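Report on one structure; see the data block that follows.
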Amino acid sequence: MSAKAIREYDGKRLLGKWLADYSSGAHTLESRFVQITPIIFDAKVPSINFDSVVRENPWLLETKLVVKPDQLIKRRGKANLLLLNATWAEVKEWITARMSREIQVEVVTGVLDHFIVEPFVPHASTDEYYLCLQSNRLGEEILFHHEGGVDVGDVDAKALRLQIPLEVTPTVDEIATQLLFNVVPARQTIIASFISSLLALYRDLNFVYMEINPIVVVGDKIVPLDMAAKLDETAGFLCGTKWGEIEFPAPFGRAKFPEEAFIAELDGKTGASLKLTILNHRGRVWTMVAGGGASVVYADTISDLGFGHELANYGEYSGAPSEAHTYQYARTILDLMTREDDPRGKVLIIGGGIANFTDVAQTFKGIITAITDFQDKLKERNITIWLRRAGPNYQEGLRLMRETGESTGVPIHVFGPETHITAIVPMALGLVAPDHAQVPPPPAEAKTPIEPSPAASPGPSRDAKTTSESSAHATASEDGAPARSLIQDQGIVRMEAHTRCIVYGMQQRAVQGMLDFDYLCKRETPSVAAMIFPFSQNHYLKFYWGTSERLIPVFQDIKEAVKKYPDVSVLVNFSSFRSVFSSTMEALACSDTIKTHAIIAEGVPESQTRLIIKRAAAKNPGCLRIGNTGGMLDNIVQSKLYRPGSVAYVSKSGGMSNELNNIISQTSDGVFEGVAIGGDKYPGSTFIQHLLRYQENPEVKMMVLLGEVGGTDEFEVCRALQDGRITKPLVAWCIGTCAKIFPFEVQFGHAGACATGESETAEAKNAALAHAGAIVPRNFDQFGTAIRTAYDSLVASGALVPRPEVPVPAVPMDYAWAKKLGMIRKPANFISSITDDRGEELTYAGMPISHVFENEMGVGGVLGLLWFKRRLPPYATKFIEMVLMVTADHGPAVSGAHNTIVTARAGKDLISSLVSGLMTVGPRFGGALDQAAEMFTKAYDSGMSPADFVNKMKASNQLIMGIGHRIKSTTNPDKRVTIIKEYALAHFPANNILNFALEVEQITTKKRSTLILNVDGAIAVCFVDLLRNCGAFTQEEADEQIADGCLNGLFVLGRSIGFIGHYLDQKRLKQPLYRHPWDDISYMDDSM
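Letter by letter, the sequence shown follows residues 1 to 1088 in UniProt numbering.
Put into structure tokens, the structure is as follows:
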């Protein structure tokens, strides 16, 4: 989900276009508004000017006007950025004086470049009203105040409010009764009707915020004067056609760089996530961070250390971007940061959390290429790079980075997961020496060996989103007490050792990872019972269980899977943002069985997310979570997730949950359970729900909360701390503290990470949590220290006995991953040297497919690459195409075409009909090319004269292949032969074999005029000359190609065109089954 502000012009355009439809014509808004941009002053576009605007909008000369900037500027009237009751001439003068000029509005400085002009509406102050619609988790809230305009004041305190639940439409009377009792009775009905229609439009067009101040009632018309609105950008696939061409402008005061548009375009072309916002292009501190949550953490730390004013950019790359995309992203940042010099030098922080599935080394290759390209500029600008990363194959990635620093001379300081995620920031800023980086000391450990109790025995299970505890509550406790029942308070179902799930989507890698984790945790059975893939028939897929193999069924329909496996209680849904709503609704129909939904999706529209939450609550499943998958096995082992610890956490960020696992394992005895509820504005479950579970669970001794800017869920945790519902130690921190350094609104890495009020800022939440009794560090860099301190305090008081270490279970490494890491080798069963589809772009004999088209190589050029692994000269590729054309067909009577026609008329498909025709190709049909080439070439190479060759063939009673035609003769030549022969003589460097064949023809036609060089012979001898003399082959290589059968391949390829044509012709003519006539068959009995 992503709420994006739009211009007032676009907001009113949408109202003007659609309001009548949603009010059945009762309310209309005249589309009389004009947008003025700098192009009107551009001499290069003479067709657009003030005169052209008037020609298209003659009403500008007929009424008084209002003009104001349209750049998301608040309180324009108080900033003297409003001209009222003006003529068109005055409007032009006013705009001309301000266009492209820099102004300061409160603390923000920016350039004016967009204006909106509309009719002036004369009215009294009593005609002005305030109206606001805003979305929340439960529906829409309408705010109304009977006194609107620039002096409306604190609407949060003044306005009347009406909460409209999802899928509920209020009546006009309800709106009037709840909101309009301070409005004169004569106007209540029309205003209530307008609000009702506006609500319908607001919902259907996926607005998430709309403020109109004021709306003015003049007679029986309602006119919105000033409007601010936000759309849910992710809903573009739902209502993009209704939006039309829409712009999401940058906040006023922050110029939009072309580099940002370039990265946004890249982002739209990949399934990964690439985001870039330029904050201060002259800044000294630049970042390139992997992960949405991690990007906020790094920006926070830079800000908290007092360097926020020097932070140059904000952004993130995640979701396993390709090497090419990572290169483009890194290149863009390096280009920006090397444009200007800073005498103090600059720093580039390449940071990130512990990746889930991204191959760190692979993405680093793109960054390394960019660093290599910019190495001279990086050294010239005195730029130092500080890097911290972990995740799959991170060791190789770090090694490559170190070697890059050594080979280029660019200072690159490299750190891995043993270093706290943000510890490189104070090092990069020169505040801490690298050898004095803060590393939390090891946590307190058990003084004496402790016999593992059932509660501490390994056996945890985990869905794609949840790090869960062991099956402690399914067994007897340490002192033999009866087993504790599964804790289900707050409607949350917890994972346990026997929980099974269904995975929606063909996510084989994720499923294998889940099975590997099951095996690591010593589960008896796999946690994945089945998979759902609607686009194929039911089948089975093979997975590994340790070293053995297991088959997991794949179903088309979730109902069938649930019926087959009634023991499942969890659905892990990998549907795309387009289909996640329908697939979840389908799964909710099975709520008697499926109690927990884990939705792994990004870009789900708010409207659909809220409906999912509502329907889930109505069905009363366990919970619904939106987030990401867990890390790989090496991270699970390093973070000690194969056995339960004493600390439970809940986090907004899925990516940062891996870091929490790492931090908690380094500062305590490990994680008991961890949940990442997702960074969306409306996550399926909330912080308080999980923390109350942890509070009730005696195995959890302390809790950790990682929130973020935006939303107010953390305040419910504050209330629980104050009223005693939460008594266990809670270490809490909300990321996003860097928001205070920006004078404009910034959308952080998560859709919900944007404060819409003071109470939603990270500072306000951290202060409230500290006041309520939570342990809140000074900044995120101290987060691990705070956890360690709280943990050590519990150990010292005897309230917590550290969990004992257990032997690390061994899980065989996946073969494909081991091979990628270079740990094993295996001879390939297949070898291919002509194409490679593994990279970013398909290659033919090493040539990217894009180059094939750029060089206009055609079919002949592609055939040269794929058949001969050579780039042939243009005359050669044209000759190949000529051969395909002349061999394409030879009428319906030949055996191949005849077979194709008969098969097509028997009702068979195209492939069967084509194959039946091709099966006739052989010595008597189409097979003469190879033999003709062999005969003529062998005779020429032996030094034999044409006459000797003819005599030798006659003496041995052999036909000369390629000589002779049933109809064509010297007086009636075959035009196909003429075309081939003349082209070869005109364009080939040499024609030795062709000339030899023509001399043979002179001898054979003396006997009979039809013994000419036929099309098979002409193609064969010309093709030998071509291969031998085009410069791409040695004679031995050319002879080998001929011997391998390439000439017959040309005939088969060309004639397939004709066979397909005959098939389509018969289908088009709707010919019936062919039956050969009896009178054309000689029936012979034994006496004959």
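Beta carbons: idealized from backbone N, C-alpha and C, even for Gly.
Small disclaimer: the values here were computed from a predicted structure and weren't measured.
Judged by DSSP in its simplified three-state form, Asp781 adopts helix.
Per DSSP, reduced to three states, the secondary structure at Phe925 is strand. Inter-residue distance for Ala1038 and His413 is about 55 Å (C-alpha atoms, whole angstroms). The beta carbon of Gly505 is closer than 8 Å to those of Met531, Ile532, Phe533, Asn573, Phe574, Ser575 in its chain, skipping five residues each way along the sequence. If you draw a straight line from the Cα of Tyr22 to the Cα of Thr28, it comes to about 10 Å. According to the DSSP assignment, Val414 belongs to the beta strand (DSSP E) that extends over 412 to 415.
Cβ contact annotation for Arg187 (same chain, cutoff 6 Å, sequence separation greater than five): Val217, in chain order.
A check of alpha carbon separations from Glu141 across Leu276, Arg509, Gln178, Ser685 identifies Gln178 as the nearest. Taken in chain order, the complete beta strand (DSSP E) segments of 3 or more residues contained in the stretch 515 to 599 are 528 to 532, 539 to 545, 548 to 555, 570 to 573, 596 to 599. A distance of 9 Å or more separates the beta carbons of Pro526 and Leu541. Bounds of the alpha helix (DSSP H) holding His987 are 975 to 987.
With three or more CB-CB distances shorter than 8 Å, the stretch 397 to 409 counts as touching the stretch 371 to 379. Check the Cα spacing between Leu692 and each of Pro683, Met702, Gln507: the tightest is with Met702.
Residue ranges of uninterrupted beta strand (DSSP E) with 3 or more members, entirely inside the stretch 186 to 222 and ordered along the chain, are 207 to 218. For Leu800, same chain residues with a beta-carbon under 6 Å away, outside a window of 5 residues either side, are Ser646, Lys701, Leu794 in chain order. With contacts defined as CB atoms closer than 9 Å, Val107 and Phe252 fail to qualify as a contacting pair. The DSSP-derived three-state label of Tyr1074 is coil. Counting every other CB atom within 10 Å of its CB across the protein chains shown gives Glu714 a total of 16 or more, marking it as buried.
Annotated three-state conformation of Glu418 is coil, per DSSP.
Taking the Cα of Thr87 as reference, the smallest distance to any Cα among Glu62, Lys68, Ala97, Pro69 is reached at Glu62. If you look at His851, you'll find it in the alpha helix (DSSP H) that goes 849 to 854.
Under the three-state reduction of DSSP output, Tyr22 falls in the helix class. The shortest C-alpha to C-alpha distance from Ala796 to any of Val852, Leu863, Ser668 is the one to Ser668. By a beta-carbon distance limit of 8 Å, Gly148 contacts Ile215. Their separation comes to about 7 Å. Distance from the CA atom of Tyr209 to the CA atom of Leu866, rounded to whole angstroms, is 57 Å. In this chain, the beta strand (DSSP E) harbouring Ala676 covers 671 to 676.
Boundaries of the alpha helix (DSSP H) harbouring Gln666: 654 to 667, taken from the DSSP string.
Under the DSSP assignment, Ala828 falls outside any beta strand (DSSP E); it carries neither an H nor an E label. Membership of Thr887 in any beta strand (DSSP E) is not indicated, and neither H nor E is assigned to it by DSSP.
Three or more Cβ pairs drawn from the stretch 927 to 942 and the stretch 997 to 1016 lie within less than 8 Å of each other, which places the two stretches in contact.
Rounded to the nearest angstrom, the Cβ distance from Leu274 to Tyr317 is 5 Å, consistent with a contact under 8 Å.
Under the DSSP assignment, Val67 falls in the beta strand (DSSP E) whose first and last residues are 65 to 69. Rounded to whole angstroms, the gap between the alpha carbons of Thr109 and Met227 is 22 Å.
In terms of Cβ geometry, Pro946 and Phe996 form a close pair [threshold 9 Å].
If you draw a 10 Å sphere on the C-beta of Trp286, you find 16 or more other C-beta atoms in it, and that means buried. Membership of Tyr317 in any alpha helix (DSSP H) is not indicated; the residue belongs instead to the beta strand (DSSP E) covering 313 to 318.
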